[in-house]
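Before any comments, here is the structure.
Right, dumping it as structure tokens:
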């Protein structure tokens, strides 16, 4: 029997406000390794964590009115499907 591993972080972003960032290790992921710790500021594009083995997912929650998910994320979510993203691809814009 496999269990998903989850890590939850609350990030303070200069442009987007407070963001809830949930990393979900799924489909035989061995573990989630944090490589950037909460006591240090983030820079855009900087690595936060690494999933070991298998599939994974990230859920992002933000403050209402501070940001809007990108068009492809909204379209796919409206159709009940996930959106595959690569490092550097747009996820949201400021409102």
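In this note's numbering, the protein residues as written are 190 to 284.
In this text, a Cβ means the ideal position worked out from N, Cα and C, and glycines have one as well.
In terms of residue numbering, what span does the alpha helix (DSSP H) encompassing residue i cover?
i           : result
residue 263 : 260-267
Sort the options by Cα distance to residue i and report the nearest one.
i           : options               : result
residue 281 : 257, 233, 204 and 247 : 257
residue 229 : 251, 212 and 202      : 202
residue 232 : 194, 268, 209 and 204 : 204
residue 247 : 271, 253, 225 and 224 : 271
residue 273 : 254, 259 and 227      : 259
residue 251 : 283, 221, 227 and 225 : 283
residue 279 : 266, 262, 268 and 269 : 262
Let me confirm a value: residue i is counted as buried when at least 16 other C-beta atoms fall within 10 Å, else exposed. Which label applies?
i           : result
residue 190 : Only weak support exists for where residue 190 lies, its pLDDT of 43 falling under 50; the coordinates are left without a value.
residue 212 : buried
residue 234 : exposed
residue 207 : exposed
With which residues is residue i paired in a DSSP beta bridge?
i           : result
residue 254 : BP columns for residue 254 are empty, so no partner.
residue 198 : 210
Which stretch, first to last residue, makes up the beta strand (DSSP E) that contains residue i?
i           : result
residue 270 : Careful: residue 270 lies outside any beta strand (DSSP E) and carries neither H nor E.
residue 281 : 281-283
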